[in-house]
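*Asks:* Quick one: this structure, given as structure tokens, is what I'll be asking you about.
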Amino acid sequence: MASQENSSSAQNLQLVRLPRVLALTGVSSATWYRGISSGIYPAPIKIGSRAVAWRMADLMPILENGVQGVADGSK
12 MASQENSSSA QNLQLVRLPR VLALTGVSSA TWYRGISSGI YPAPIKIGSR
62 AVAWRMADLM PILENGVQGV ADGSK
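In this note's numbering, the protein residues as written are 12 to 86.
Right, dumping it as structure tokens:
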């Protein structure tokens, strides 16, 4: 049981780049960035001078509830 919790914690700490985010959510990059601007989707974190990523833990609510569920505010 402890190893499963460690695995889950490690997955939530994982950083995901934009192509993977788009593949997981099924939205276009324009829709994704529009959602960030409107506060629907989480903002990226800077991982380098010209690179950003998203925390898997921040993406989990979207993946669990679906993109539409997050956009509607329903949980």
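Glycine included, every Cβ here is placed at the ideal spot set by N, Cα and C.
This one's a predicted model, so the numbers in the text were calculated from it and none came from an experiment.
1. Assuming Gly1 is part of the alpha helix (DSSP H), what are its boundary residues?
2. Spatial neighbours of Leu29 within its chain, please: CB distance less than 6 Å, with the 5 preceding and 5 following residues excluded, ordered by chain position.
3. Within its chain, find whatever has a CB closer than 6 Å to the CB of Ile47; leave out the 5 residues flanking it on each side and keep chain order.
4. Which same chain residues, not among the five before or five after Asp69, have their C-beta less than 6 Å away from its C-beta?
5. Run the CB neighbour count on Val63, radius 10 Å, all protein chains shown included, and call it buried at 16 or more, exposed below.
6. May I have the straight-line CA-CA distance separating Gly59 from Thr36, to the nearest angstrom?
*Replies:* Looking at the atomic coordinates:
1. Examination of residue 1 is not possible in this model, given that the chain is present from 12 through 86 alone.
2. none
3. Ala54
4. For Asp69, the CB contacts under 6 Å within the same chain, skipping 5 residues up- and downstream, are Pro53 in chain order.
5. exposed
6. 24 Å
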